[in-house]
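Here the structure comes first, spelled out in structure tokens, and everything after it is commentary.
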Amino acid sequence: MKIIVLIKQVPDTAQLSANMNGLQLMASGPRIINPWDEYAIEEGLKLREAHGGSVTLLCLGTPDAVETLKRGLAMGADEAVLISDPQLAGGDSLATARALAAAIEKIGAYDLVIAGRSSIDGGNFATAVQVAALLAAAQLSYVAAIKAIDPAAKTITVERLMEAGRETVSSKLPAVMTVVKEINEPRYPSFMQIRKAAKKDVPVWSVADLGLDAGQVGAAGSQVKWSQIDLPPTREAQVEILEGTAEESAKALVDRLLAEKII
Ligand SMILES: Cc1cc2nc3c(=O)[nH]c(=O)nc-3n(C[C@H](O)[C@H](O)[C@H](O)COP(=O)(O)OP(=O)(O)OC[C@H]3O[C@@H](n4cnc5c(N)ncnc54)[C@H](O)[C@@H]3O)c2cc1C
2 MKIIVLIKQV
12 PDTAQLSANM
22 NGLQLMASGP
32 RIINPWDEYA
42 IEEGLKLREA
52 HGGSVTLLCL
62 GTPDAVETLK
72 RGLAMGADEA
82 VLISDPQLAG
92 GDSLATARAL
102 AAAIEKIGAY
112 DLVIAGRSSI
122 DGGNFATAVQ
132 VAALLAAAQL
142 SYVAAIKAID
152 PAAKTITVER
162 LMEAGRETVS
172 SKLPAVMTVV
182 KEINEPRYPS
192 FMQIRKAAKK
202 DVPVWSVADL
212 GLDAGQVGAA
222 GSQVKWSQID
232 LPPTREAQVE
242 ILEGTAEESA
252 KALVDRLLAE
262 KII
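To convert, note that position 70 of the sequence shown is 71 in the numbering used here; the numbers rise steadily by one, no gaps.
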């Protein structure tokens with residue numbers, strides 16, 4: 002099976018602080034792999050282990066997003082491609098999807114594209130859906146389990162997580178699928194895998210490499226413009242230190258939690 006996994010580099014929300022400007026944080030704060038996308042990589046690796054083939058990671062981002070791709074390579078992906086070009090800046094989800102879809106077409110015949118259910122920053126839940134539409138591929142969202150897949154017959158049956166239950170759907174391949182965290186438990190790369198991945202080459206494709214022109218991508222190719230991002234206001238909190246021995250303070254803590262009806 003030829004599997005392509007879409008992964009996004011996102012701001013590390015654990016590093017948020019109240020005096021940060023949201024737009025600056027989006028553009029330049031500390032970065033991590035979008036947590037939902039680790040489930041997408043894991044599912045790609047499991048499918049390759051079961052059916053053979055390859056897993057290619059694809060990311061559109063700034064040049065430092067190569068580190069995100071190397072994290073995915075360390076988990077076990079075969080290869081990675083970074084789409085990076087100053088012309089991509091300020092793109093909305095459709096402009097981003099246009100570049101991703103062009104890169105998928107450049108990679109060539111694929112069976113399955115896997116993405117996370119959403120990013121933790123933009124959170125449009127839209128990019129993968131738009132990629133599917135642009136590729137005219139089947140779209141399977143909120144997948145919590147793959148029930149059956151037949152690469153030869155080019156069919157897939159999945160379970161989708163709904164608000165009140167699960168839905169089983171079947172589709173033809175190629176398809177674009179978004180996954181939820183119920184689907185698997187992402188593996189941790191070993192130290193040796195991280196070192197090996199650090200040495201791998203990651204090709205960088207520009208807008209021109211994708212056969213697109215500047216007016217189709219980035220701010221120029223977008224309809225939705227972000228003007229401001231405000232971080233949540235800081236919450237006032239009170240801190241109380243419980244004095245005494247470990248036993249005394251544990252008892253006092255339990256009494257307080259009971260009194261506050263927390264336990
Ligand atoms: C500095 C900055 C300025 C921006 N300005 C604007 C703006 O003016 N208008 C606007 O509408 N948006 C803007 N964006 C947001 C940008 O368009 C989105 O981050 C992008 O389109 C992806 O959408 P999303 O984050 O909502 O992902 P979702 O649609 O929630 O992501 C779903 C899944 O799609 C895949 N995916 C998403 N993005 C990528 C990617 N880049 N590479 C690989 N896979 C991906 C991942 O698997 C992800 O889990 C800006 C972002 C930045 C960093």
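Backbone N, C-alpha and C define an ideal beta-carbon position, used for all residues, glycine too. In this text, all values refer to a predicted model and were calculated from it rather than measured experimentally.
The beta strand (DSSP E) enclosing E164, as first and last residue numbers: To locate residue 164, count along the sequence shown from 1; it is residue 163. In the DSSP assignment, E164 falls outside any beta strand (DSSP E), carrying neither H nor E.
Supposed close pair W37, S142 - CB separation, criterion 8 Å: Residue numbering aside, residue 37 sits at position 36 when the sequence shown is read from its first letter. Residue numbering aside, residue 142 sits at position 141 when the sequence shown is read from its first letter. The pair is not a contact, with the Cβ atoms about 12 Å apart (cut-off 8 Å).
First through last residue of the beta strand (DSSP E) which encompasses Y111: Counting from one through the sequence shown, the residue named residue 111 turns up at place 110. If you look at Y111, you'll find it isn't in any beta strand (DSSP E); DSSP assigns it neither H nor E.
Beta-carbon spacing of L174, A104 below 7 Å: For this step, residue 174 is matched to residue 173 along the sequence shown. For this step, residue 104 is matched to residue 103 along the sequence shown. Cβ atoms of L174 and A104: not closer than 7 Å.
N125 Cβ short of 6 Å to ligand 1 heavy atom set: Stepping through the sequence shown from its first residue, residue 125 is reached at position 124. Checking every heavy atom of ligand 1 against the Cβ of N125, one is found closer than 6 Å.
Of the residues S55, A66, E43, the one placed nearest G30, counting alpha carbons only: In the sequence shown, the residue the question calls residue 30 occupies position 29. Closest option to G30, Cα to Cα, is A66.
Under 7 Å between C-beta atoms of G117 and A41: The count along the sequence shown starts at 1 and reaches residue 117 at position 116. The count along the sequence shown starts at 1 and reaches residue 41 at position 40. Their beta carbons are under 7 Å apart, which means G117 touches A41 by this criterion.
Sufficient close CB pairs (3 or more, under 8 Å) joining the segment 125 to 143 to the segment 92 to 101: yes
Enclosing alpha helix (DSSP H) for Q131 [first to last residue]: Within the sequence shown, residue 131 is the residue found at index 130, counting from 1. First-last of the alpha helix (DSSP H) with Q131: 128 to 136.
Environment of M163 [buried if 16+ CB atoms lie within 10 Å]: To locate residue 163, count along the sequence shown from 1; it is residue 162. Classification of M163: exposed, given that the 10 Å Cβ count is below 16.
C-alpha gap between V181 and T246, whole angstroms: Your numbering for residue 181 matches position 180 in the sequence shown. Your numbering for residue 246 matches position 245 in the sequence shown. Going by the C-alpha atoms only, they are around 44 Å apart.
The segment 64 to 82 in contact with the segment 190 to 205 per 3-pair CB rule at 8 Å: Short answer: they touch.
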